[in-house]
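Heads up, the thing below is written out as structure tokens.
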């Protein structure tokens, strides 16, 4: 009498299902890494832009008040790869017409031509 021996092991279907599940988990993991990397880049970009905007605003407010000014010259942006592709504009507008010694100062920091941070404050002639 012949006895069939049961062989232990995985069938082809079981192996394929396991590979599909493993592949789906791997793709999700890789996508998550990409998303996390992008979020970190944006956070660093905004943090750097805020720091630049604040230092530029302090410079503009400490500069001599110029009646009728439409802007102030920004301080040079530090060199190095951390600050490459950033640019700064400082606009000024009198709060009242004629200029009575109060200006609204707007500092805009851009990265590769796209505005990242805009900071507004007031400058008073003292």
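In the working numbering, the protein residues as written are 23 to 148.
Think of the CB as a built atom: it goes at the ideal place given N, C-alpha and C, for glycine as much as any other residue.
The structure displayed is predicted, hence computed values, not measured ones.
> Is there contact between the stretch 51 to 70 and the stretch 82 to 98, where contact requires at least three CB pairs shorter than 8 Å?
Replying inline: no
>> Just to confirm my understanding: we take residue 115, look at its own chain, exclude 5 residues before and 5 after, and list those with CB closer than 6 Å. What are they?
In response: 126
>> Could you tell me the alpha carbon to alpha carbon distance between residue 132 and residue 67, rounded to whole angstroms?
In response: 10 Å
>> I need the straight-line Cα distance from residue 117 to residue 134, nearest angstrom please.
In response: 31 Å
> Whole beta strand (DSSP E) runs in the stretch 53 to 78 with 3 or more residues, listed along the chain?
Replying inline: none
>> So, with DSSP's three-state summary, where would you put residue 103?
In response: coil
> What is the rounded straight-line gap between the Cα of residue 73 and the Cα of residue 122?
Replying inline: 30 Å
> Apart from the five residues just before and just after residue 119, which ones in its own chain have a Cβ nearer than 7 Å to its Cβ?
Replying inline: none
> Which residues in the same chain have their Cβ closer than 7 Å to the Cβ of residue 78, if we skip the five residues on either side of it in sequence?
Replying inline: 96, 97, 110, 112 and 129
> So, using beta-carbon positions, are residue 75 and residue 146 closer together than 7 Å?
Replying inline: no
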